[in-house]
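Order-wise, the sequence lines are chains A and B. Each step along the first sequence adds one to the number in our numbering, with nothing skipped, and position 279 is 279. Each step along the second sequence adds one to the number in our numbering, with nothing skipped, and position 94 is 1094.
Number of protein chains: 2
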Amino acid sequence: MSLHGKHLVAGTPHDSCKTPFHAVSPLDQTALEPAYPEGSEEVVDVALLAAEDAFNSYSSRTAQDRAAFLEAIASEILALGDTLLERAHRETGLPLDRLTGERGRTVGQLRLFAELLREGSWCDARIDTALPDRQPLPRPDLRRILSALGPVAVFGASNFPLAFSVAGGDTASALAAGCPVVAKAHPAHPGTSELVGGAIAAAAASCGMPAGIFSLIHGRTAAPGLALLRHPLCRAVGFTGSHQGGRALLNAANARPEPIPVFAEMSSLNPVFVLPGALRERGAQIAGGLKNSTTMGVGQFCTKPGLVLVQKGPELAGFLQELAAAFTGASPATMLHAGICEAYHQGLAALSAVTGVRCLASVEGDVAKTLGSPAILATDSTTFLREQTLHAELFGPCTLLVECTDAADMARVAASLEGQLTATLHTAADEVAGAAPLLALLQRKAGRVLFNGFPTGVEVCPAMQHGGPYPATTDARFTSVGTAAIQRWARPVCLQNAPHSVLPPELQDANPRGLMRLVNGKLTRDAVA
Amino acid sequence: MSLHGKHLVAGTPHDSCKTPFHAVSPLDQTALEPAYPEGSEEVVDVALLAAEDAFNSYSSRTAQDRAAFLEAIASEILALGDTLLERAHRETGLPLDRLTGERGRTVGQLRLFAELLREGSWCDARIDTALPDRQPLPRPDLRRILSALGPVAVFGASNFPLAFSVAGGDTASALAAGCPVVAKAHPAHPGTSELVGGAIAAAAASCGMPAGIFSLIHGRTAAPGLALLRHPLCRAVGFTGSHQGGRALLNAANARPEPIPVFAEMSSLNPVFVLPGALRERGAQIAGGLKNSTTMGVGQFCTKPGLVLVQKGPELAGFLQELAAAFTGASPATMLHAGICEAYHQGLAALSAVTGVRCLASVEGDVAKTLGSPAILATDSTTFLREQTLHAELFGPCTLLVECTDAADMARVAASLEGQLTATLHTAADEVAGAAPLLALLQRKAGRVLFNGFPTGVEVCPAMQHGGPYPATTDARFTSVGTAAIQRWARPVCLQNAPHSVLPPELQDANPRGLMRLVNGKLTRDAVA
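The following block contains the structure:
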């Protein structure tokens, strides 16, 4: 399959030759054909006008139609076969088996949202029927439903070229909600993005959906993304990336004459608290698990455990030895792109240079500068509390162990942390009750709190929460993973005394879709009497 | 009952004599005793530290306990009797019967949230049980629930001294969610605020709640409110007021190192579209209804219909006569405070001075400058589309009628509008189908769309949506009226593989509270098998 190297606007490749750029393979540093154009304000405008034009017809299609469309996207992605996986491998350096798994997750997400649409209760239908005889005033008939926001912008992430990119969770949930999507391709994998964008366009065509519901804009600088976000027709933004990038988008969105919501998933240390009993009981197992979770995907997951907290005690020395052995035996591997790899090496050097921080273990021997090399650093709580640089996320296969003097010291360290995507607690069974205050604190700090596990591996399901207090995300009230992610792209609209003929099926008396609804304050699937 | 004229911090009057100010009665311009102090950064800090300290114990109280507390607040407010109503009347000029009704609404809101807590399903409990044998990877046990954000700030509104002030909808919903509240009293009614704040403190004491869950700060300038919002322990803000005030809070919240959500309800024209068939069928009735809705509460409701759109045609002349007669016969009345009254007179003069705007009717004879005097202005669509000043809300008993040339012209005017709290459509029965495109447009613009009614009168119920696209509110995804308002003060937290002993009742297998929960993707009140 040959790539055209163009933006995709409302189903059509868009000619542009503005400041072309090439993806560079992290495997061998070769520039990959074709060149891709830098998005301009003009192409952004055309894409958003097409999206706005498509909005009414798309958002008013039945839930079944939208579900079929999401499933068709899944099928089209699978139909790309090895072409997609091989291009993604060349562009990201991620192994083919990982990419195969990620494709499965991407396709699975699309199908899960299709199921959610078919069941339909996500729209939170609420009906309060008229009380014409109420005193002192009658009550009108009020019916409320979640409605799509309008066209939204989705930014592809470098670390998940499929599951958090062009047809990833943000796009799947936005299309499910009824929002047209203008995607900004990540410049590290434009070819992968073109292939997936083509799959969405093909599915739209085969399902009779308006072509304007999807466009894909390329670009290497911040400009096309900012143009997208600043466009008056853009109603919301989904982003997964760096703190700096997410904050810039948030600031720009708030500086609009009409601010719009930004759902940015940015940075997290994902602290792991290991209590003494857990160390005694299964220190070796925890050490191995930490190494695996830290080095998985070359440490390029937003849920990588970047901080491990332990208490001084007789069991600590053995645990440190087990950790050192595990990390020394780990393998360096190719990172996503040269920029991330360079930032990792610099960041690791900077952390190591902090007074009071020592290297507990790193991979022995010479490691090519183009590889991410696993490492574990260690420090004490006083140093950690003093040095704000130790509180920043570092993408790559390293973690920082902090030795606390006791439980109270560990609580102080926990209290000093910023918002997190996850926090993890390892305990022995008889430590659970005593850890209640720490658990309460971690629930203030994080969106997901794990017990006796490791934070990498984010299940796509209804109960997942992937989003925590700032700076983990810009809006902790929402998740970017799992079916609840659809709520980001909708707002409630209430119809008062509407003629029955204008009500959508979800709000009609007969409840033709059999939804769970809140009728006069009671949750029920019954029709309105 | 004598007033102490102090801040109320965690149940205790707080001594301060910083730059004292007096409320001024709009009835007779007299300064009312006692003096109230201007809130300082110090008192804000003390209040938020107390709130943070109270948070853990308050948010972990049972839903039944929190419900009883809300009901106790309602009882304490009623126990204030005429003292409260008379002070509110002196401070706001609102008639006693209106204040009696507003007190009923305030008490009713508190009781409604108590009911919501007892039923309990609002917390959106979601459980995905472990699948240890799933291939290629097992699924962990995941349980997700909405959890209180922490201490929040609530700003009292001038136009609802009870229902949107110290114990109004924001406070009731925040306390229901489990958030301590630090309220900023509106400087126009500090005595009313002190009385209601005292009722909350008394209820907290009688229910054994930690005193820090409620504090009340006075102040006449923007400084104490900004200090509240900028305090690191403040997790969210509720506000009802002007566009300028809301935007300033939003900007300040976004400029924090850690931005926090601002729920500001700001400004809305609440356009009323009257189609030709409706005019023919019941023009006189609509004219009377518009006058009543526009002048109710001296036009000081956020849902006042500030814009009326009609189409030229044979029925228009009669309608204009009916409107003119209705407004000419309306009565001037006391506005909330001198500042609002002055802004109304200036605003009305500015609108009247726009070329192409004419006064259709105003109250005849001399009207005291201290009263708000009903008026209706008229213009054509060309003028309206050209003059941005005509798109701004003006608090007070006036409205602007815009004559459109035809349905397409009316649609252009609709498309030009900013976000609204409400939009209203008056149609004859045979016009409903043809109005579908206009209806679709109004659902994009507004949070609530009414048929054949008037936007004032906001029902407090599960299906209400009081919040629309900017600048109506800062966050259209939430409502400030109705039970869904509780969602503003909570965020999801997911527990992964948590020992059953640490799960709250809402997430326990047995479902002891009988909640509707999403278990493995199905909504059910059943226990987890």
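Don't be surprised by glycine CBs; every beta carbon is placed ideally from N, CA and C. The structure presented is a predicted model; accordingly, all values stated were derived computationally and were not measured.
Beta bridge counterpart(s) of residue i as assigned by DSSP
| i | result |
| --- | --- |
| B/Y1036 | B/F1021 |
| B/C1398 | B/A1375 |
| B/P1161 | Its beta-bridge partners do not exist; DSSP assigns none. |
| A/I73 | Beta-bridge pairing links A/I73 to no other residue. |
| B/D1380 | B/E1403 |
| B/A1131 | Note that residue 1131 of chain B corresponds to Leu in the displayed sequence, not to Ala. Paired residues: B/R1139. |
| B/H1014 | B/H1007 |
| A/A31 | A/V24 |
| B/R1492 | According to the sequence displayed, residue 1492 of chain B carries Pro and not Arg. DSSP, once it has assigned bridges, lists B/L1146 as partnering B/P1492. |
| B/F1155 | B/K1184 |
| B/A1203 | Partner(s): none; B/A1203 has no beta bridge. |
| A/T334 | A/L371 |
| B/V1519 | B/I1127, B/K1522 |
| A/T473 | A/E265 |
Burial state of residue i (16 or more Cβ within 10 Å)
| i | result |
| --- | --- |
| A/P512 | exposed |
| B/G980 | Lying outside 1001 to 1529, the shown extent of chain B, residue 980 of chain B is not represented and no answer is given. |
| B/E1076 | buried |
| A/C17 | exposed |
| B/H1004 | exposed |
| B/G1197 | buried |
| A/K304 | buried |
| A/S267 | buried |
| A/Q244 | exposed |
| A/T92 | buried |
| A/A23 | buried |
| A/S193 | buried |
| B/P1257 | exposed |
| B/N1159 | buried |
| B/G1191 | buried |
| A/R143 | buried |
| A/P138 | exposed |
_Validate contact between the stretch 58-70 of chain A and the stretch 174-186 of chain A using beta carbons, cut 8 angstroms, 3 pairs_ = Yes, they touch.
*Enumerated in chain order, which unbroken segments of the beta strand (DSSP E) with a length of 3 residues or greater are wholly contained in the stretch 1346-1372 of chain B?*
1358-1362
_For a minimum of 3 consecutive residues, which ranges assigned as the beta strand (DSSP E) are wholly contained in the stretch 206-278 of chain A?_
214-217, 237-240, 262-265, 271-274
*What are the residues of the stretch 465-492 of chain A that lie near chain B, defined by any Cβ-Cβ distance shorter than 9 angstroms?*
Residues of the stretch 465-492 of chain A whose Cβ lies closer than 9 angstroms to any Cβ of chain B, in chain order: Q465, H466, G467, G468, P469, Y470, P471, T474, D475, A476, R477, F478, T479, G482, T483, A484, Q487, R488, A490, R491, P492.
_If contact is defined by three or more beta carbon pairs under 8 angstroms, each pair taking one atom from either stretch, is the stretch 182-195 of chain A in contact with the stretch 492-503 of chain A?_
In short, these stretches do not touch, since the Cβ pair count stays below three.
*What residues from the stretch 244-259 of chain A come within 8 angstroms of chain B, judged by C-beta to C-beta, listed N to C?*
L250, N251, N254, E258, P259
*Is there contact between the stretch 396-416 of chain A and the stretch 1450-1469 of chain B, where contact requires at least three CB pairs shorter than 8 angstroms?*
no
*Could you please tell me which residues of the stretch 358-392 of chain A, in chain order, have their CB closer than 7 angstroms to any CB of chain B?*
none
*Does the stretch 161-170 of chain A touch the stretch 1129-1138 of chain B, meaning 3 or more C-beta pairs lie closer than 8 angstroms?*
no
*Inter-stretch contact at 8 angstroms, needing at least 3 Cβ pairs: the stretch 274-287 of chain A / the stretch 247-262 of chain A*: no
_Suppose only complete runs of 3+ residues qualify. What are the beta strand (DSSP E) ranges in the stretch 1415-1456 of chain B, listed by chain order?_
1420-1426, 1446-1451
*Report the residue ranges of all alpha helix (DSSP H) runs contained in full by the stretch 1297-1330 of chain B; include only those spanning at least 4 residues, in chain order.*
1316-1328
*the stretch 1440-1451 of chain B: which residues have C-beta closer than 8 angstroms to a C-beta of chain A, in chain order?*
A1440, Q1443, R1444, A1446, G1447, R1448, V1449, L1450, F1451
*Run through the stretch 74-111 of chain A for me and flag every whole alpha helix (DSSP H) of 4 or more residues, listed as ranges in chain order.*
81-92
_Given 8 angstroms, three or more beta-carbon pairs between the stretch 486-499 of chain A and the stretch 1470-1485 of chain B_ = yes
*Is there contact here, the stretch 286-294 of chain A with the stretch 319-332 of chain A, by at least three beta-carbon pairs under 8 angstroms?*
yes
*Below 8 angstroms, can you find three or more Cβ-Cβ pairs linking the stretch 1379-1397 of chain B to the stretch 1423-1432 of chain B?*
No, the stretch 1379-1397 of chain B is not in contact with the stretch 1423-1432 of chain B.
_With three or more beta-carbon pairs closer than 8 angstroms as the criterion, would you say the stretch 1357-1376 of chain B touches the stretch 1228-1248 of chain B?_
No, they do not touch.
*Residues of the stretch 1116-1133 of chain B with a CB closer than 7 angstroms to any CB of chain A: list them in chain order, please.*
S1121, R1126, I1127, D1128
*Assess, as a yes-or-no matter, whether the stretch 1005-1012 of chain B is touched by the stretch 1210-1226 of chain B under the definition of 3 or more beta carbon pairs within less than 8 angstroms.*
yes
*At a cut of 8 angstroms, does the stretch 460-470 of chain A reach the stretch 1441-1454 of chain B through at least three beta carbon pairs?*
Using a C-beta cut-off of 8 angstroms, the stretch 460-470 of chain A makes no contact with the stretch 1441-1454 of chain B, since fewer than three inter-stretch Cβ pairs fall below that distance.
*Give, in chain order, every residue of the stretch 39-68 of chain A whose Cβ lies closer than 8 angstroms to some Cβ of chain B.*
N56, S60
*Evaluate the contact criterion for the stretch 1353-1364 of chain B versus the stretch 1260-1274 of chain B: three or more CB pairs, one atom per stretch, below 8 angstroms.*
By the Cβ test, the stretch 1353-1364 of chain B is not in contact with the stretch 1260-1274 of chain B, since fewer than three Cβ pairs between them sit closer than 8 angstroms.
*With contact counted as at least three CB pairs below 8 angstroms, one residue from each stretch, are the stretch 1099-1113 of chain B and the stretch 1074-1089 of chain B in contact?*
For the pair of segments examined, the stretch 1099-1113 of chain B was found to touch the stretch 1074-1089 of chain B: the number of CB pairs separated by less than 8 angstroms reaches three.
_Contact set between the stretch 493-507 of chain A and chain B, restricted to residues whose Cβ is under 7 angstroms from the partner_ = V493, C494, L495, Q496, N497, A498, P499, S501, V502
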